[in-house]
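Line order of the protein sequences matches chains L and X. Number 347 in the working numbering belongs to position 347 of the first sequence; there are no gaps in the numbering. Number 1246 in the working numbering belongs to position 246 of the second sequence; there are no gaps in the numbering. This report concerns only the one structure given below.
Number of protein chains: 2
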Amino acid sequence: MRILILGGDGYLGWPTALHLSAAGHDVAVADNFARRGYDFEMGVDSLVPIEALQTRVAVWRELTGKPVAAYIGDLCDADFTAHMVADFAPDAIVHYAEQRAAPYSMVDRKHAVYTQTNNVVGTLNVLYAIAEINPDIHLVKLGTMGEYGTPNIDIEEGWLQIDHNGRTDRVLYPKRPGSFYHLSKVHDSHNIEFACRIWGIRATDLNQGVVYGQQTDETAADDRLATRYDYDAVFGTVLNRFVVQSVIGVPLTVYGNGGQTRGLIDIRDTVRCIQLACENPADRGEFRVFNQLTQTMSVLQIAETVAAASSEQVPIERLDNPRVEQEEHYYNVVYTGLADLGLEAHLLSDTLIDSLLSITKRYAHRVRPEAMLPTIQWRRTSSVISN
Amino acid sequence: MRILILGGDGYLGWPTALHLSAAGHDVAVADNFARRGYDFEMGVDSLVPIEALQTRVAVWRELTGKPVAAYIGDLCDADFTAHMVADFAPDAIVHYAEQRAAPYSMVDRKHAVYTQTNNVVGTLNVLYAIAEINPDIHLVKLGTMGEYGTPNIDIEEGWLQIDHNGRTDRVLYPKRPGSFYHLSKVHDSHNIEFACRIWGIRATDLNQGVVYGQQTDETAADDRLATRYDYDAVFGTVLNRFVVQSVIGVPLTVYGNGGQTRGLIDIRDTVRCIQLACENPADRGEFRVFNQLTQTMSVLQIAETVAAASSEQVPIERLDNPRVEQEEHYYNVVYTGLADLGLEAHLLSDTLIDSLLSITKRYAHRVRPEAMLPTIQWRRTSSVISN
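What follows is the structure, given as C-alpha cells:
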C-alpha cells in the first residue's frame, strides 16, 4: 500500500513510518517541524538526540534500500495539503500532525486558540483533500483516550448504543475532554464522522492511551534513526518522565493523589496498531473507532512500578494537581477492536523499564530537572488580558 | 443589568438589543458587519431595507431616550474582545456573533474553515475575556437545534442521563450535526462546558429552532429600526422564504419529501427567551442548556400552512434535497426550561403569517426569485483542488 504519514517527524510518526516501510509499504512522511519548534519555545529538548528528517530518511535508505519521501509543509496550508495528496496518491493517510500536549494548550489564550485552529483546520484540509482528490483514501486519525474523560459508565469504542425512554439509537460516545487540546480532538472526531456521512469517505479514529517506550525494532537499528524521548512536564508522557526522574535520583512527581487511571500502550504496539488499521481499512462511509491501549493503570501504580524496577531507592512525591480532573474515578474501557485485527500486546514489564532505564542512563547528562516541574495551571489564566 | 449583545447588528441581535433596552437594561452591541458582507459576496440583500447600525442606535435614542453603545470589531481579534468586555463591564454577554448559515458553511473548503475558525475562535476569545476580566459574567450563547440532528430517541435539554451496563452518568447529549456550521456550534458547546468546569464561569447554551417573523414591538416602532428579512436559499429561514415565494407567486420549494421535522420559534419569543435567560442566570460553574423552540412541524406542514394562509393558490414543489439529512424521522424534543422561566409562547398562527405577508407585499419589488433556488450541494465539493 501507499501510506502517507502526517506528522512523520514526530515521536510516533517517525517510528510508524519506518515500521510501515519495513513491512513493505510505500511510505511518505509530511511535517512542518512544529514539534521541534515547541522545544525552542519551551527551552526543552528530546533526551535522546534526534537527527534532521532528511538525515533520518537518508540513513533508512542506506540501511534498507527503502525510500521514504518527505513533504515539508503545513496542513493548514490547503495548497500544500491538496498537492501532496494528489502527488503521492496514497491508499491511506495516517494523521499524527497535531499539537498533542494538553499542558501546551492550557498555557494561555493564544496557545488554546493555536491548538484548536491548527488541529481542526489541518484536519479539515485533509478531509477536503480526500473528498476532492480520491474519496477512497482511508484516513487513520490519531485521537486520544483523554477525549472521553472519566465517565461513570464503561467507555465503549467511539459509539454507544443508548436506550432512552423506550427507544434506542447508536450515537457517538458522549465525551468530556479535559483540556483545550483534548477538545480539539473531539472537534476533529465530529468533523470526520460528518465527512464519512456526507462524502462516503472511510476513516478510523484511534483513541490512544499514554504511550511509553522509546524504541521499536526499526529505530533501534541505528542511533541516527532514534525517535524523540520527551520527559518535560509539557510534552513528556508520564511513564517516560518517571523513568527519567528515577535515573537522576529525584522524586517521581504524582499530581494529586495519583488515583487518576489511564490507558497505556507500548510504542511498539502503537506502530503495530497503525499497520493493522491501514491493512484492514474501514468501509466506505464508515467512521470506525478503536481504543488504542493495552492495559490501564493508575498514575500512582505507574510510579510504583517504575520505582520498583529502579535499582535506587526512589521516593514518590505528591504535587498539587495543576489540572482539573477527577483523582478517584470509575474507569473501564473496551479495547477489543485492534485485538480482533490481530494485535498482540506488549504489557508493561520490567524488561521494558530496564531498556528505558538504560537509554536514560546513557543520556542522563542531558536531563534538565527543572523541566519536569509543572508550571501550567488549568484553573487560572496567565494574565488579565492575554494577547 | 448591563448586557452586551455580540452580533447586535444581525437579524436577531438587533431586536434583542432593543427588547432588553426597552425592558430597562443597559445595553451595548458589538458587530463586525460580517453578515452585511455575506450579502455582497452572495449578491443578495435583506428584503426589508435596514439602516446602518449607527443610524439604528441614534433613532432608538431619539424615540426612547435610551442609549445603546456600539463596539465595532471582530471577536477573533482578542484585543478588541478583551478591551470591550473590560470597558463595558457587562453582567451578561449574549453571543449571536457567529456565521449562522449551514449552506454558507458548505460552499467549499474555504467557507467550512472560515465558519469553524470564526465561530470557535471568537467564542474562545469571549471565554478567556470572561475568565480573565470577570468570571461572574453570565454567557448566554446561541446554539441551534440542528446540532442534535435527528436522533431516534427523545432530544433532552443538552444533558442526558445514561444507564449503561448497570451504571449511570449524566453526559452532554450526544449530537449528530448536519453541516460544518452546525458542527462549529457543537465545538463551541464542548469548549464552553469545559470553561464552566475549570474556571467556574456561568453559561447558558440556547439551542434555537428555526426563527420566523420579522417584527418585534420595538422594531415595529419605526421603519428605521427594522431588522433583516432574509429569504434567499443561503441565509433565509424556511418559513420566511415560503412566505416570499407565496407572495411573488412561485412554488414553495420543499427539499426532498419535506418530512424533515424542525423546531420553530417566533422572533418575538426569541427576544423574550434571551431576556429570561439573562434575568435568571446560570449558577457559577453551571453549563445550562435550554432548547429554544415553541413547537415542531415538518417542512411540508410549514409549506402547507403558508399556502393555506395565502390569498393566492400556491403550489408546493419538491426539489432534490441538496443536503444530506433524514427526510422521515422520529422527532420529540423537550423544551420546558424556558417555559419554566416564564416564556409564554406565540404559536404559529394565521395572524403572524398575515403580518409577514403584508411586510412582504410592501417590499415585493425587491425580491430576486433566483436567490431562493438552492445551489450549494452537501454531497459534492466544488472543485478538484479548492483554494
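All C-beta atoms in this analysis are idealised placements derived from N, C-alpha and C, irrespective of residue type, glycine included.
Review point. Do the CB positions of L:Ser356 and L:Val250 come within less than 8 Å of each other?
Key: If you number the first sequence from 1, residue 356 of chain L lands on position 356. If you number the first sequence from 1, residue 250 of chain L lands on position 250. In the sequence as presented, Ser is not what sits at residue 356 of chain L; that position holds Leu. No, the Cβ-Cβ distance between L:Leu356 and L:Val250 is not below 8 Å.
Check your understanding: How close, in whole Å, do the beta carbons of L:Ala101 and L:Phe235 come, if the pair is a contact with beta carbons under 8 Å?
Key -> Locating residue 101 of chain L in the first sequence gives position 101, where the first residue counts as 1. Locating residue 235 of chain L in the first sequence gives position 235, where the first residue counts as 1. About 5 Å; that satisfies the 8 Å criterion.
Practice item. Can you check DSSP and say which residues form a bridge with X:Gly1263? Key: Numbered from its first residue, the second sequence carries residue 1263 of chain X at position 263. Assignment of beta-bridge partners to X:Gly1263 by DSSP yields X:Thr1296.
Practice item. Could you run through the stretch 1185-1198 of chain X and flag, in chain order, every residue whose CB is less than 9 Å away from some CB of chain L? Key: Here the close residues are Val1186, His1187, His1190, Asn1191, Glu1193, Phe1194, Arg1197 and Ile1198.
Check your understanding: Is L:Thr16 closer than 8 Å to L:Val126 when the C-beta atoms are compared?
Key -> Position 126 of the first sequence, counted from the start, is the residue given in the question as residue 126 of chain L. Position 16 of the first sequence, counted from the start, is the residue given in the question as residue 16 of chain L. Not a contact, by the Cβ cut-off of 8 Å.
Exercise for review: Going by CA-CA distance only, name the one from L:Thr150, L:Leu139 and L:Arg170 that's closest to X:Ile1153.
Suggested key: The residue given as residue 1153 of chain X occupies position 153 in the second sequence. Distances from the alpha-carbon of X:Ile1153 to those of L:Thr150, L:Leu139 and L:Arg170 put L:Arg170 closest.
Practice item. Please go through the stretch 210-289 of chain L and give each complete alpha helix (DSSP H) segment of 4 or more residues, from N-terminal end onward. Key: List check, alpha helix (DSSP H) in window: 238-248 and 267-279.
Review point. What does X:Tyr1363 reach in chain L if we use C-beta pairs closer than 8 Å?
Key: As a position in the second sequence, residue 1363 of chain X is number 363, starting the count at 1. The contacting residues do not exist; X:Tyr1363 stays about 35 Å from chain L at best.
Check your understanding: Distance, Cα to Cα, X:Tyr1104 vs X:Leu1047?
Key -> On the second sequence, position 104 is the one that residue 1104 of chain X refers to. On the second sequence, position 47 is the one that residue 1047 of chain X refers to. Looking at the backbone, the Cα of X:Tyr1104 and that of X:Leu1047 are separated by about 19 Å.
Review point. What residue does the alpha helix (DSSP H) around L:Glu41 start on, and which one ends it?
Key: Numbered from 1 along the first sequence, position 41 holds the residue referred to as residue 41 of chain L. Boundaries of the alpha helix (DSSP H) harbouring L:Glu41: Ala34 to Met42, taken from the DSSP string.
**Study point:** Those residues which DSSP pairs with L:Arg202 across a bridge
**Key:** Position 202 of the first sequence holds residue 202 of chain L. DSSP output for L:Arg202 lists L:His138 as bridge partner(s).
Check your understanding: In chain order, what residues of the same chain have a beta carbon less than 8 Å from the beta carbon of X:Ser1383, not counting five sequence neighbours either side?
Key -> Translated into positions along the second sequence, residue 1383 of chain X becomes position 383. Annotation note: pLDDT 48 at X:Ser1383 (below 50); position unreliable, coordinate value reported separately. Apart from the 5 residues on each side of it in sequence, X:Ser1383 sits with its Cβ closer than 8 Å to the Cβ of Asp1108 in its chain, given in chain order.
Point to revise | Within-8 Å CB hit, L:Asp9 to chain X | key: Indexing the first sequence from 1 puts residue 9 of chain L at position 9. Interface annotation, L:Asp9: not in contact with chain X, CB-CB separation never under 8 Å.
Check your understanding: Can you name the residues of chain L whose CB is closer than 7 Å to the CB of X:Ile1162?
Key -> Taking the second sequence and counting its residues from 1, one reaches residue 1162 of chain X at position 162. By Cβ distance, chain L contributes Ile153 and Ile162.
Review point. Of the residues L:His25, L:Arg362, L:Thr64 and L:Val44, which one's Cα is nearest the Cα of L:Thr219?
Key: Position 219 of the first sequence, counted from the start, is the residue given in the question as residue 219 of chain L. The residue with the shortest Cα to Cα distance from L:Thr219 is L:Thr64.
Exercise for review: Using the Cα positions of L:Val57 and L:Ala226, report the straight-line distance between them to the nearest angstrom.
Suggested key: The residue given as residue 57 of chain L occupies position 57 in the first sequence. The residue given as residue 226 of chain L occupies position 226 in the first sequence. If you draw a straight line from the Cα of L:Val57 to the Cα of L:Ala226, it comes to about 12 Å.
Practice item. Please compile the residues from chain L whose C-beta is within a distance smaller than 9 Å of the C-beta of X:Asp1269. Key: Counting from 1 along the second sequence, the entry for residue 1269 of chain X is found at position 269. Ordered by position in chain L, no residue passes the 9 Å Cβ test against X:Asp1269, which lies about 26 Å from the chain.
Exercise for review: Can you say whether L:Gly342 is buried or exposed, counting buried as having 16 or more other CB atoms within 10 angstroms of its CB?
Suggested key: Here residue 342 of chain L corresponds to residue number 342 of the first sequence, with the count starting at 1. Its Cβ having fewer than 16 others within 10 Å, L:Gly342 is exposed.
Exercise for review: Just list the alpha helix (DSSP H) runs in the stretch 1288-1355 of chain X, keeping only unbroken ones of 4 residues or longer that don't cross its boundaries, in chain order.
Suggested key: Those alpha helix (DSSP H) runs which fall completely within the stretch 1288-1355 of chain X and span 4+ residues are 1299-1309 and 1337-1340.
Exercise for review: Figure out for me which residue from X:Glu1147, X:Ala1112 and X:Gln1116 has the closest Cα to the Cα of L:Asp113.
Suggested key: Counted from its first residue, the first sequence places residue 113 of chain L at position 113. Residue identity check: residue 113 of chain L is Val in the sequence provided, not Asp. Comparing alpha carbon positions, the residue from X:Glu1147, X:Ala1112 and X:Gln1116 closest to L:Val113 is X:Gln1116.
**Study point:** Pair within 8 Å by beta-carbon distance, X:Pro1374 and X:Ala1233
**Key:** Along the second sequence, one-based indexing puts residue 1374 of chain X at 374. Along the second sequence, one-based indexing puts residue 1233 of chain X at 233. In this structure, the beta-carbon distance from X:Pro1374 to X:Ala1233 falls below 8 Å.
Check your understanding: What's the C-alpha gap between L:Phe40 and X:Phe1033?
Key -> In the first sequence, residue 40 of chain L corresponds to position 40, counting from 1. In the second sequence, residue 1033 of chain X corresponds to position 33, counting from 1. Near 39 Å, if we compare the C-alpha coordinates of X:Phe1033 and L:Phe40.
Check your understanding: How would you write the range of the alpha helix (DSSP H) that L:Thr168 sits in, first residue to last?
Key -> Along the first sequence, one-based indexing puts residue 168 of chain L at 168. Looking at the DSSP string, L:Thr168 is not in any alpha helix (DSSP H); the run it does join, the beta strand (DSSP E), is Arg167 to Leu172.
Check your understanding: Would you call the stretch 17-30 of chain L and the stretch 62-78 of chain L in contact, with 3 or more CB pairs under 8 Å?
Key -> Here the stretch 17-30 of chain L makes contact with the stretch 62-78 of chain L; the two share three or more CB pairs at distances below 8 Å.
Check your understanding: Whose C-beta lies closer than 7 Å to the C-beta of L:Gly209 among residues of the same chain, with five residues either side of it excluded?
Key -> Reading the first sequence from its first residue, position 209 is the one you call residue 209 of chain L. Counting only Cβ-Cβ distances below 7 Å, and skipping sequence neighbours, we find Met145, Arg262, Gly263, Leu264, Ile265, Gln292 and Leu293.
Check your understanding: Is X:Val1334 buried or exposed, if buried means 16 or more other CB atoms sit within 10 Å of its CB?
Key -> Here the question's residue 1334 of chain X lines up with position 334 in the second sequence. Exposed, because fewer than 16 other Cβ atoms sit within 10 Å of the Cβ of X:Val1334.
Point to revise | Whole-angstrom C-beta distance between L:Glu156 and L:Lys185, which should lie under 8 Å | key: The residue given as residue 185 of chain L occupies position 185 in the first sequence. The residue given as residue 156 of chain L occupies position 156 in the first sequence. The pair is not a contact, with the Cβ atoms about 17 Å apart (cut-off 8 Å).
Point to revise | X:Val1048 - DSSP class collapsed to helix/strand/coil | key: Position 48 of the second sequence holds residue 1048 of chain X. It is coil, neither helix nor strand.
Check your understanding: In the stretch 1352-1381 of chain X, which residues sit with their C-beta less than 7 Å from some C-beta in chain L, listed in chain order?
Key -> Result list: Trp1378, Arg1379 and Thr1381.
Check your understanding: Taking all protein chains shown into account, do 16 or more other C-beta atoms lie within 10 angstroms of the C-beta of L:Arg61, making it buried, or fewer, making it exposed?
Key -> Stepping through the first sequence from its first residue, residue 61 of chain L is reached at position 61. The residue is exposed, with fewer than 16 neighbouring Cβ atoms inside 10 Å.
Review point. So which residues of chain X does L:Val120 contact, with C-beta pairs closer than 9 Å?
Key: Taking the first sequence and counting its residues from 1, the one referred to as residue 120 of chain L is at position 120. Ordered by position in chain X, the residues that pass the 9 Å Cβ test against L:Val120 are Val1113, Gln1116, Thr1117, Val1120 and His1187.
Check your understanding: For X:Arg1202 versus X:Asp1283, is the C-beta spacing smaller than 8 Å?
Key -> Within the second sequence, residue 1202 of chain X is the residue found at index 202, counting from 1. Within the second sequence, residue 1283 of chain X is the residue found at index 283, counting from 1. The Cβ atoms of X:Arg1202 and X:Asp1283 lie closer than 8 Å to each other.
Point to revise | Residue-level contact to chain L via CB, X:Ala1303, 8 Å cutoff | key: Working through the second sequence from its first residue, we reach residue 1303 of chain X at position 303. Cβ-Cβ to chain L under 8 Å: no for X:Ala1303.
Practice item. Let me know the secondary structure DSSP gives X:Arg1380 once reduced to three states. Key: For the purposes of this step, residue 1380 of chain X is identified with residue 380 of the second sequence, where counting begins at 1. The answer is coil: DSSP assigns X:Arg1380 none of H, G, I, E or B.
Review point. In the stretch 276-290 of chain L, which residues sit with their C-beta less than 8 Å from some C-beta in chain X, listed in chain order?
Key: Cβ contacts with chain X: none found.
Review point. What's the call for L:His365, buried or exposed, on a 16-neighbour Cβ count within 10 Å?
Key: Counted from its first residue, the first sequence places residue 365 of chain L at position 365. With fewer than 16 other Cβ atoms within 10 Å, it is exposed.
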